[in-house]
Amino acid sequence: MSRDQDIQLEKDRARYGLLAVVISNLAIAGVAVVGVWQLHGDKSVIIGVLSAAFTAVSSMTTAYLGIKAVSNTAKSIVSSATATAATPPSAPAAAPATPPAEPSTTPTQRTS
Numbered sequence: 000m001s002r003d004q005d006i007q008l009e010k011d012r013a014r015y016g017l018l019a020v021v022i023s024n025l026a027i028a029g030v031a032v033v034g035v036w037q038l039h040g041d042k043s044v045i046i047g048v049l050s051a052a053f054t055a056v057s058s059m060t061t062a063y064l065g066i067k068a069v070s071n072t073a074k075s076i077v078s079s080a081t082a083t084a085a086t087p088p089s090a091p092a093a094a095p096a097t098p099p100a101e102p103s104t105t106p107t108q109r110t111s
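When the letters of the sequence shown are read in order and numbered with numbering that gives the first Met the number 0, they come out as residues 0 to 111.
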């Protein structure tokens, strides 16, 4: 696959994954609203239904975002490793043309 096709595929995956999460969250919220409406004010059961719906929505959203973040991280690691492997190693530095100067002898002490 070409790079353009890979980018388009990732965009489609992100778009449809997010759409699936949003639709699922709306379905959970809709069932919770209908459940609360049918309970006619039984507060203890309403709290149970709403907390279960909140848990389901937050779990679904967190799972999607976590999987997406890991997928993006893995993809960037692979692409940087591929880019590093594609660049040829640089040539070693050439040795200096002149040898380093010999250290001078220790200076003698002057007397005035």
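Using N, Cα and C, we set each Cβ at its ideal position, and we do this for glycine too.
Check	Outcome
Between the CA atoms of I66 and G16 - distance to the nearest angstrom	10 Å
Q108 in three-state terms, based on DSSP	coil
Whole-angstrom distance between Q4 and T61, CA atom to CA atom	28 Å
CB contact flag (V56, I27, <7 Å)	yes
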